[in-house]
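For reference, the structure is listed below as structure tokens.
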Amino acid sequence: MPWTTARNRVELGAPVVGGERQRLPASAQGALSAWDIRPGQAFTAVAPNGAWWRMRRLDGADLPELLPIEPITNPEPPIPVVLAAPLADKNRMEWIVEKAVECGATAVIPTITAKSLQSLEEQPQRRDASWQGKALKAAKQCRRGDLPLVGALQRLEEVVASSPERTVWLAAREDRLAYSLRPWDALPTAVGILVGPEGGWSDEDLAWFEARGILPLGLGPRVLRVETACALAVATAARWVESE
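So the sequence shown is numbered by our numbering: it starts at -3 and just counts up by one.
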């Protein structure tokens, strides 16, 4: 599910003490496998006391020995930050996924809107396996602690309807003034970000947003490519969330 955190988080069995090695607990075996961590490679993990560490896998055992490398700051937002991105061609979609993960998204959901070129039923593929692989590579590169999800293609309305109560939805648009400051007082349950297709939102889209309390997220006065708008919108929302 996209509206969760701590997805495939590697949780250590004991607090890290100095440079002492420890064995991966059985409860974390599946998470480590999801990250595809090989012997000698480093990864991010969290100890029972909440401390985050970079660890190194030392061997190829099912429950390998782990060596602490260094403590790090919590790399994860405290609530889900979900990007609903317009479906693009394969290369551009991979770029959107990669940069969204690097900027702090916990999930990316390809969406279809009124301006999309094809209907949902006409799409030859609703999810490309390479997108999740791109998310994995990006998460490893930027030392994420949770593995972001790339969801199946959905209609924009379905994505919004699936969100939990007290989700703040933001619709990215060309606007210098719209919510340059954090648009909430108390941290919401989740933040959802809508980015429109090339050419921007239709009048019908904007009316739909207003009727449902979806707030505008101004990305400045310049016309951005979709992939740039996705990265900027996620970075802005993640910064707001992490400043709480």
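Note that the Cβ used here is the ideal one computed from N, Cα and C, for glycine as well.
How long is the line joining the alpha carbons of G246 and P35, rounded to whole angstroms?
Outside the displayed span of the chain (-3 to 240) sits residue 246, for which this structure offers no information.
With distances taken Cα to Cα, identify the nearest neighbour of I105 among R53, W49, P179, W127.
The sequence position of residue 105 within the sequence shown is 109, counting from 1. For I105, the nearest C-alpha among the options comes from W127.
I'd like to know if the stretch 5 to 25 and the stretch 40 to 53 are in contact, where contact means that at least 3 CB-CB pairs between them fall below 8 Å.
yes
Measuring CB to CB, does L228 end up less than 8 Å from L215?
In the sequence shown, counting from the first residue as 1, residue 228 sits at position 232. In the sequence shown, counting from the first residue as 1, residue 215 sits at position 219. Yes, they are a contact pair.
Where does I33 sit, in a helix, a strand or coil, going by DSSP?
Position 37 of the sequence shown, counted from the start, is the residue given in the question as residue 33. It is coil, neither helix nor strand.
At 3 residues or longer, and completely inside the stretch 55 to 102: list those beta strand (DSSP E) runs for me, N to C.
61 to 68, 77 to 82
Cα-Cα separation between L143 and R208, rounded to whole angstroms
Counting from one through the sequence shown, the residue named residue 143 turns up at place 147. Counting from one through the sequence shown, the residue named residue 208 turns up at place 212. C-alpha separation (whole angstroms): 30 Å.
In this structure, does DSSP put T107 in helix, strand or coil?
Your numbering for residue 107 matches position 111 in the sequence shown. Strand at T107.
Can you tell me whether S239 is buried or exposed, with buried defined as 16 or more other CB within 10 angstroms of its CB?
As a position in the sequence shown, residue 239 is number 243, starting the count at 1. S239 should be labelled exposed.
Can you tell me whether D201 is helix, strand or coil according to DSSP?
Against the sequence shown, residue 201 aligns to sequence position 205. If DSSP states are grouped into helix, strand and coil, D201 belongs with the helices.
Give the range of the beta strand (DSSP E) segment to which T40 is assigned.
Numbered from 1 along the sequence shown, position 44 holds the residue referred to as residue 40. 38 to 42 is the span of the beta strand (DSSP E), which, as asked, contains T40.
Here's the rule: buried if 16 or more other CB atoms are within 10 angstroms of the residue's CB, otherwise exposed. What is K95?
Position 99 of the sequence shown, counting from 1, holds the residue named residue 95. Under this definition K95 is a buried residue.
R235: first and last residue of the uninterrupted alpha helix (DSSP H) it sits in
Residue numbering aside, residue 235 sits at position 239 when the sequence shown is read from its first letter. 222 to 238 is the extent of the alpha helix (DSSP H) around R235.
Anyone know if the C-beta pair for A135 and V187 falls short of 8 Å?
Sequence index remark: in the sequence shown, residue 135 carries index 139 (1-based). Sequence index remark: in the sequence shown, residue 187 carries index 191 (1-based). No, Cβ-Cβ distance for A135 and V187 is not below 8 Å.
Please report how far the alpha carbon of L183 lies from the alpha carbon of G195, in whole angstroms.
As a first step, residue 183 must be located in the sequence shown, where it is residue number 187. As a first step, residue 195 must be located in the sequence shown, where it is residue number 199. Going by the C-alpha atoms only, they are around 32 Å apart.
Who are the Cβ neighbours of P71 in its own chain at under 8 Å, not counting the five residues just before and after it?
On the sequence shown, position 75 is the one that residue 71 refers to. Closer than 8 Å at Cβ, skipping near neighbours: T40, W48, C138, R139, R140, G141.
Going by beta-carbon coordinates alone, are A81 and T107 separated by less than 8 Å?
Here residue 81 is taken as the residue at index 85 of the sequence shown, counted from 1. Here residue 107 is taken as the residue at index 111 of the sequence shown, counted from 1. In contact: A81 and T107 (Cβ atoms closer than 8 Å).
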